[in-house]
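Below: the structure, in structure tokens.
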Amino acid sequence: MAVPQQIDHTTARPIGKPKLGKLARREEREFYLFISLWIIGFIAFDAGPILASLVISFTNWSMMTPPSWTGLQNYQRLIADPLFYTAMWNSLYFGVGSVGLGLIVSFLLALLLNQKVLGISVFRTIFYLPSVVSGIAVAILWIMILHQDFGLINTVLSWFGIKGPGWLVQPQWAKPALILMSLWGAGGSMVIYLAGLQSVPQHLYEAASIDGAGPWMKFWNVTVPMMSPVIFYNLIVGFIASLQGFVLVLIMTNGGPANATLMFGLYIYRVAFQFFQMGYASALAWILLVVIMIITALQFLGAKYWVFYEGETAR
Amino acid sequence: MSANLQQRTITTAQARRQPLFGMRNQRLAQRIIVYALLLALSVLFILPFMWMVSTSLKNSEDVFTYPPSFFPTTFLWQNYPRGWTILPFNTFLVNSLVVTFANVVGNLISCSLVAFGFAHLRARGRGILFLALLATLMIPREVTIVPRFLLFSQMGLVNTLWPLILPAWFGYAFFIFLLRQFFMTIPTELDDAARIDGASSLRIFFEIILPLSKPALATVAIFAFIGNWSNLLDPLIYIRSQDLYTLALGLNLFRGQNFTQFNLLMAVSIITLIPVLTVFFLSQRLFVQGVTLTGMGGR
Chain A
764 MAVPQQIDHT TARPIGKPKL GKLARREERE FYLFISLWII GFIAFDAGPI LASLVISFTN
824 WSMMTPPSWT GLQNYQRLIA DPLFYTAMWN SLYFGVGSVG LGLIVSFLLA LLLNQKVLGI
884 SVFRTIFYLP SVVSGIAVAI LWIMILHQDF GLINTVLSWF GIKGPGWLVQ PQWAKPALIL
944 MSLWGAGGSM VIYLAGLQSV PQHLYEAASI DGAGPWMKFW NVTVPMMSPV IFYNLIVGFI
1004 ASLQGFVLVL IMTNGGPANA TLMFGLYIYR VAFQFFQMGY ASALAWILLV VIMIITALQF
1064 LGAKYWVFYE GETAR
Chain B
207 MSANLQQRTI TTAQARRQPL FGMRNQRLAQ RIIVYALLLA LSVLFILPFM WMVSTSLKNS
267 EDVFTYPPSF FPTTFLWQNY PRGWTILPFN TFLVNSLVVT FANVVGNLIS CSLVAFGFAH
327 LRARGRGILF LALLATLMIP REVTIVPRFL LFSQMGLVNT LWPLILPAWF GYAFFIFLLR
387 QFFMTIPTEL DDAARIDGAS SLRIFFEIIL PLSKPALATV AIFAFIGNWS NLLDPLIYIR
447 SQDLYTLALG LNLFRGQNFT QFNLLMAVSI ITLIPVLTVF FLSQRLFVQG VTLTGMGGR
């Protein structure tokens, strides 16, 4: 399992001392040759663009005329822009909702599948499959499923005499509808949790049993601490991913109704490629980057209190 | 855990008091509950797919009857060819195949080379570069889409397939990470032995590492295939003329023009999903392997 702690170099070959022999120097040259493609890509498609977007964020640029330096104007505009706050709120709402509920659903699925049941691979396939299909076909499917009158969900609800809401047309239901849809893809992280559960050493459970722990105590005192690095890792990756995904929203609601699903990424896309305000779009993108870094840092700080790494001494 | 001795003895005593058949019954009940839950959840997860197929076979009136029926009254298989021929989907299919193939090959070549460097070659600066590589996974795409677009428009490549293909040839952090994790399980003693025999690093890469890494390479190929097949954002940004549309983009256009013809929309959507589903069912083991190797779920 790749938890942050394991992303280190202890299992790779140790890095040599500063004074290098002829062979070591050759190896170093070869290292840089082997990774040269990525270095070019890193400069051209990652590091370069990030710096460029910072510079562009201080300009006014429609791409038709040369950019003009405007200093902090884009950032001042952003502070006064109500859509900026709407989009940020929507993204955080969706991120917390989909990652939080997704964690619960995928963890429960993994726990169920870890019960040494027969036919586990069949069930695993069923739960995992929806997370593999993605993109526009799925968006179209869910437009249909969430349709107020002819959709699957409201059809099922009507069997129980419940009149379902207009999921994608009523502002207060649009975000919950998208979160619900994201839960369909919970199988992706379920597979990760399942692998984690299967690697929890059995002797810990046996020791807990000898100490008289019931299933509930074993869950909270063995399973959760042992799984906490995996959960933590999934929370970070999932949250970043949820702040980025906007293609589905673009197709399903285009930010509506009444901007209820105007996600931050969608707003950036709109400002850049529909309004052609490259400077303002870059300023928005940089704020997003900063927000993501702050949230990730907070998660790391909070992790001290609940993430347990094996080999650490107990507090 | 620091349960004190007294508590411990009480709970074990309680456990002992339970008769044997009670435990067995309890275990049976537990088993039944687990299966009931699994079955119910399976139905929930499969239902959208069934709905998709059912809708694709309905006629236009059945799609909009209220309350809607779960099963179609007709089985209009001709919805599939009808939907497919309303727009030049054959052209879109060819474009998608070209882009996807070029991405898979590009990713395989570039990512395996880079991963070998990070996993098996020692150099100063390797640690910091690897951190930089991982950091790129955290960068939101929105931050780079504008400058990337400017870069490609400076190069005059907007409205060609190149912006969809080129980046894959310069490595992708997620795949490099995946392959590096796998390469690190191959002992470096093999390299050393080959080096003593006079093999170069390139030869070690081609003749030792790659043959031993077929499952990991296949996993990367599959992830790259699926990721690119459904990619809509990049085509949306870079492609203008219809003869360069990919399937995802074509489907989006189709949706814009026929948004009330859910049966045709569903039919074409299903056709575009067939390659993904086929690959998934043929290589499920590799999927799970890739996910557990990296702890990341694909995209």
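From first to last, the protein sequence lines are chains A and B. For the first sequence, our numbering assigns the number 764 to the initial residue and increments by one for each residue that follows. For the second sequence, our numbering assigns the number 207 to the initial residue and increments by one for each residue that follows. Cβ coordinates follow ideal geometry from the N, Cα and C atoms, glycine included. Values in this document were obtained by computation on a predicted structure and should not be read as measured data.
Gly503/B to Pro928/A, Cα distance in whole Å? Note that Gly503/B has pLDDT 49, beneath the 50 cutoff, so the model's placement of it is unreliable and no number is given.
Should Val1010/A and Leu293/B be called a contact, given that it needs their Cβ atoms to be closer than 7 Å? no
From what residue to what residue does the alpha helix (DSSP H) around Met851/A run? Where Met851/A is concerned, the enclosing alpha helix (DSSP H) stretches over Pro845 to Leu876.
Can you give me the start and stop residues for the alpha helix (DSSP H) that Pro992/A sits inside? Counting along the chain, the alpha helix (DSSP H) containing Pro992/A begins and ends at Val987 to Gln1007.
How far does the alpha helix (DSSP H) with Ile392/B in it reach, from first residue to last? That residue, Ile392/B, is in no alpha helix (DSSP H); it is neither H nor E in DSSP.
So which residues of chain A does Gly377/B contact, with C-beta pairs closer than 7 Å? Leu800, Trp801 and Gly804
Ignore the nearest five residues each way along the sequence and tell me which others in Ala250/B's own chain have a CB closer than 7 Å to its CB. Before going on, a small fix: residue 250/B reads as Leu here, not Ala. Around Leu250/B: no qualifying Cβ.
For a test of the three-state rule: what should DSSP assign to Asn309/B, helix, strand or coil? helix
Count the other CB atoms within 10 Å of the CB of Arg230/B; is the residue buried (16 or more) or exposed (fewer)? exposed
7 Å Cβ cutoff met for Pro1079/A and Val1070/A: What the structure shows of chain A is the stretch from 764 to 1078, and residue 1079/A is not part of that stretch, so it cannot be assessed.
Taking only beta-carbon positions, decide if Ala374/B is within less than 7 Å of chain D. Here chain D cannot be found, since the structure's protein chains are A and B.
Suppose the cutoff is 8 Å on Cβ atoms and the five residues either side in sequence are ignored; what does the same chain contact list for Met907/A look like? Closer than 8 Å at Cβ, skipping near neighbours: Phe913, Gly914 and Leu915.
Work out the CA separation of Asn1017/A and Leu846/A for me, nearest whole Å. A straight line joining the alpha-carbon of Leu846/A with that of Asn1017/A spans about 14 Å.
Bridge partners - Ser831/A, DSSP secondary structure assignment: Asn823/A
Neighbourhood of Ala325/B by C-beta, 6 Å cutoff - its chain only, sequence neighbours within 5 removed: Arg386, Phe389 and Met390
Selection of the stretch 358 to 373 of chain B by Cβ proximity to chain A, strictly under 9 Å: Ser359, Leu372 and Pro373
What do you reckon, are the CB atoms on Gly526/B and Leu796/A nearer than 7 Å? Residue 526/B lies beyond the range of chain B shown here (207 to 505); nothing can be said about it.
For Phe277/B, which residues from the same chain have a beta carbon less than 8 Å from its beta carbon, with the 5 sequence-adjacent residues on both sides left out? By the criterion of a C-beta distance shorter than 8 Å, Phe277/B is surrounded in its chain by Ser260, once the five residues flanking it on both sides are discounted.
Taking DSSP as the reference, what is the three-state secondary structure of Ser262/B? helix
So the alpha helix (DSSP H) Ile908/A belongs to, where does it begin and stop? Ile899 to Ile908
Would you say Pro254/B lies against chain A (beta-carbon separation less than 7 Å)? yes
Taking the straight line between their C-alpha atoms, what separation do you get for Ser475/B and Ile345/B? Going from the Cα of Ser475/B to the Cα of Ile345/B covers about 31 Å.
Is the separation between the beta-carbon of Met1056/A and that of Ile819/A shorter than 7 Å? no
Beta-carbon separation (whole angstroms), Tyr444/B vs Val364/B, contact threshold 8 Å: Approximately 6 Å separates the beta-carbon atoms of Tyr444/B and Val364/B; this is inside 8 Å, confirming the contact.
Out of curiosity, what's the CA-to-CA distance linking Tyr1072/A and Met989/A? 8 Å
Spatially closest choice to Ala1066/A from Gly950/A, Ile994/A and Leu786/A, by CA coordinates: Per the Cα distances, Ile994/A.
Around the Cβ of Leu479/B, are there at least 16 other Cβ atoms within 10 angstroms (buried) or fewer (exposed)? buried
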